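Notes follow once the structure below has been shown.
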Amino acid sequence: MGLVGAAVVRDGGAVLPDGFWAAVRVWLEKPQVANRRLCGAAIEAEGTVALGEGREASPPVTAMQGGGGRAERAAAAGAAELGRLWREVRGQLSAGHGHRHLPPPLTPWGRPGRRSELRAVLRTLLPRGAPPAPPAKELAVRDVCNGTVTFLPLEENSEGKCQIKKCNIYQIQFTHIKDEEWSVSIVAPFPEDWFSDGIAYPKLAWLGNELLSKLAKWSVEQKPSEFKSTLSLISVAKYSKVYQDLKEKYKEMVKVWPEVTDPEKFVYEDVAIATYLLILWEEERKEKALTKKQSFVDLGCGNGLLVHILNNEGHSGRGIDVRRRKIWDMYGPETHLEESTIMPGDSHLFPDTDWLIGNHSDELTPWIPVIAARSSYACCYFVLPCCFFDFHGKYSRRQSKKTQYREYLDFVAQVGFVCGFHVEEDCLRIPSTKRVCLIGKNRTYPHTECALIDKQITQYINNHRTCAVATCDRRVGFNHRGHSDGVRKEAGSELPENETAGTIWMPEFQPREKVEQIRNCASLPRDFVDDVVLSVANLLLNAAPQKSCSNMHDGNMNTWNQGESLSLKEVAEHLNKETLKRLKNEYGGLQTLLKNNHQVFEVLNGRVHIRDWRKEKPSRETKPEVKRRLSAEAFKTRLCWFFIHHPDGCSLPSESCPYAHGTEELRQSQIIKKKKHIQ
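Structure (structure tokens):
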């Protein structure tokens, strides 16, 4: 049997057949979203190829329009390479008039009276892992008329010519059944000879189950993304190699990480950001014919690891942050880090710096394009926005039709445009929900118009001040002493008479405090927290109708009250005003307090439930080894809230409950002992 798998999809919204081709595009360009053993695919060439002998491959339409720029020349060269490759491999397929036939049960290409052209994509599959397996080349041939995409694996012979690896040919087929029913299927002509390497070519069962189900799902659920494709501005192949090298080089940082933050997340995130910047800067050096590696300043550098990596990789630069971190002492003198408060103004310009970096720079994020624009005409910037800040404080939403994140990204991008940058957007591969970066690498205006752009920036910032700030009789002043462009004096015409050179651009700007305030409800008085927990628990337990659940304890059948679930809004309505006022001063408020007390509560989709510990999966199934070890060390080190407060007691017997049923079961925490020993 050549059929690997088939799935029926139903289209109720006129998505098909376009949705199917969009799904195929995802598999072509981003195979890693389905096959986790790949880190991506590099599209080497794409164009139209002919079934007959007389036609060459033609480049995409965009490559044939206009001016012969670098991208157009590359596309034309890629099309020529594609044509040469097509001539090499088409004769290797099954014989047949006009080369239209493929091995059964693959659908032959072309039909009488139809257009005898196909769309071909040459891609390189990039394996994940260290050391990575060799990349695999593949020619994907799309026949829209027949609704097929045929994947031809390629390998080089001893003469350096490409040959089709026939045992691993497969085809995705899309056919209309009736009305709103369509079929997506995968077929392979030689299933008995299929060779699985476990990476680029998984087992056929994986194609028939995992890939097929994703293609079927994507075909009817394809929605235009708010964001660019991952790593759209750099080479995925180059990124994969550099990332693996840096990950191997800096992996020891995970073992010695002295901060309370998750070492794996922060180390590998900064390795990924450093990888991106190194490749971006390498491309810039090629584009601008630069010989010296770019310099940088990381504003709000935090733990400083990104600065440490970039310094080690040959880029001169420094990091500045309002608070010194413990880990700074581990880097050594080659890593340049400064503890200083940054106030956007004349004293924080960087005329001799090539790039400014804002990696989760919070309140400095919208200022970084401004500082870059006013530092020098050659200064560029890279920002990775996370928390939402305006020029003077928290960012206030202005559009309800966009997500808050998309709206904020558009705001920061708009700041860059106003500052005269051609702003580019890309999506990084980092373990974070905030993965979109904005890059200002080129200017939209000539050097002679610096003064005009500076006035534009001044006006824009004035327009974005809040009503409260606008009533202040001080205005945003600019008189950039010692600026390398020598054009800032004119912009200072808005300064009041009592202002002097060296003005802070917005006196209302609030930098981060040097001593970080803990506002995640962890520093609230224990009595206050206990009272809120007890009040909310009683509210849920006494809410009607009550939910009860049978439970077996020592052979006796008991009924344990699970209470009712309520929305956060409903819970808040039952708390007194003084309690709510106090909680509003904490990040996340009531929700954070309830989540902190996860022994008692479960908060899902904005609703609060009493946690039923019988439904919790064993930690061995759900947690990595480090977290399981911490859970074991914390076993029976705290009293069980349910044993003390719940009218039915704990839902678990003492030996199964991770908390102590009474003071006689309490153990001293091993975690506390270890922390004291470290100090």
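Position 546, counted from 1, in the sequence shown is what full-length UniProt numbering calls 546; the numbers after and before it change by one each time, with no gaps.
Where is the CB? At the ideal position from N, CA and C, for every residue including glycine.
Note that the structure is predicted; figures quoted are calculated from it, not measured.
Short Cβ contact (8 Å threshold) for residue i with residue j
i           : j      : result
Ile273      : Val8   : no
Leu126      : Asp426 : no
Leu540      : Pro647 : no
Val26       : Val33  : yes
Leu233      : Leu278 : no
Phe421      : Arg443 : yes
Ser654      : Glu664 : no
Glu88       : Lys161 : yes
Ile309      : Leu246 : yes
Ile169      : Leu152 : yes
Leu106      : Arg142 : no
residue 685 : Lys434 : The first residue shown for the chain is 1 and the last is 679, placing residue 685 beyond what the model contains.
Trp194      : Cys167 : yes
Val24       : Val144 : no
Ser651      : Trp560 : yes
Pro344      : Phe528 : no
Cα-Cα separation, residue i to residue j
i           : j      : result
Gly317      : Trp505 : 25 Å
Ser347      : Pro369 : 16 Å
Gly440      : Ala289 : 18 Å
Lys402      : His360 : 21 Å
Glu180      : Ile172 : 20 Å
Gly19       : Val220 : 6 Å
Thr353      : Phe296 : 6 Å
Leu384      : Arg607 : 31 Å
Lys581      : Leu438 : 37 Å
Ala22       : Gly5   : 20 Å
residue 684 : Lys455 : Past the edges of the chain, shown from 1 to 679, lies residue 684, and the structure says nothing about it.
Val242      : Ser432 : 20 Å
Thr503      : Arg374 : 13 Å
Asn157      : Gln163 : 7 Å
Leu575      : Phe643 : 25 Å
Cys419      : Phe382 : 14 Å
Tyr239      : Ala80  : 26 Å
Thr579      : Asp531 : 10 Å
Leu604      : Ser567 : 9 Å
Lys636      : Val271 : 38 Å
Glu192      : Lys292 : 55 Å
Glu616      : Gly83  : 58 Å
Gly300      : Glu259 : 17 Å
Asp11       : Asn312 : 54 Å
residue 686 : Gly332 : Since the first and last residues shown for the chain are 1 and 679, residue 686 lies out of range.
Cys380      : Val236 : 23 Å
Thr335      : Leu28  : 41 Å
Sequence-distant residues of its chain with Cβ nearer than 6 Å to residue i (five each side left out)
i      : result
Trp641 : Gln599, Val600
Pro31  : Leu38, Ala41
His447 : Tyr377
Ile430 : Glu269, Ala272
Pro658 : Phe635
Contacting residues, own chain, Cβ-Cβ under 8 Å from residue i (five flanking each side not counted)
i      : result
Thr175 : Gly147, Trp182, Ser183, Ser185
Trp257 : Pro263, Phe266, Val267, Ile327
Ala572 : Leu580, Leu590
Tyr445 : Gly420, Leu452, Ile453
Gln244 : Gly129, Ala130, Pro131, Pro132
Phe461 : The sequence as given places Ile at residue 461; Phe does not occur at that position. So the qualifying residues of the chain are Val370, Phe391, Val476, Trp505, Met506.
Spatial neighbours of residue i in its chain, beta-carbon cut-off 7 Å, leaving aside the 5 residues before and after
i      : result
Lys203 : Ser196
Glu248 : Ala130
Lys228 : Glu425, Asp426, Cys427
Val412 : Thr365, Pro366, Val383, Pro385, Leu438
His464 : Asp390, Phe391
Glu602 : His609, Arg611
Gly208 : Val4, Gly5, Ile186
Thr583 : The sequence given here places Leu at residue 583; Thr does not occur at that position. The residues are Gly589, Leu590, Leu593.
Residue i: CB within 7 Å of a non-hydrogen atom of the ligand PLP
i      : result
Ser213 : Among the ligands in the structure shown, none appear at all, so the ligand PLP cannot be discussed.
Which complete beta strand (DSSP E) runs does the segment 237 to 308 hold, if anything under 3 residues is left out? Within the segment 237 to 308, the complete beta strand (DSSP E) runs of at least 3 residues are 296 to 299.
Three or more C-beta pairs closer than 8 Å, one from the segment 194 to 206 and one from the segment 23 to 43: is that the case here? yes
What are the complete alpha helix (DSSP H) segments, minimum 4 residues, inside the segment 182 to 228? 212 to 221
Are three or more beta carbon pairs between the segment 335 to 352 and the segment 302 to 322 nearer than 8 Å? Yes: the two stretches touch, three or more of their Cβ pairs being nearer than 8 Å.
Curious, which full-length alpha helix (DSSP H) runs of at least 4 residues does the segment 381 to 441 contain? 404 to 418
Runs of alpha helix (DSSP H) wholly within the segment 298 to 375 (minimum 4 residues, chain order): 305 to 312, 328 to 331, 367 to 375
Any chance you could list the beta strand (DSSP E) runs of at least 3 consecutive residues sitting entirely within the segment 124 to 154, in chain order? 136 to 143
Which ranges would you report for the alpha helix (DSSP H) in the segment 11 to 50 if only whole runs of at least 4 residues count? 18 to 29
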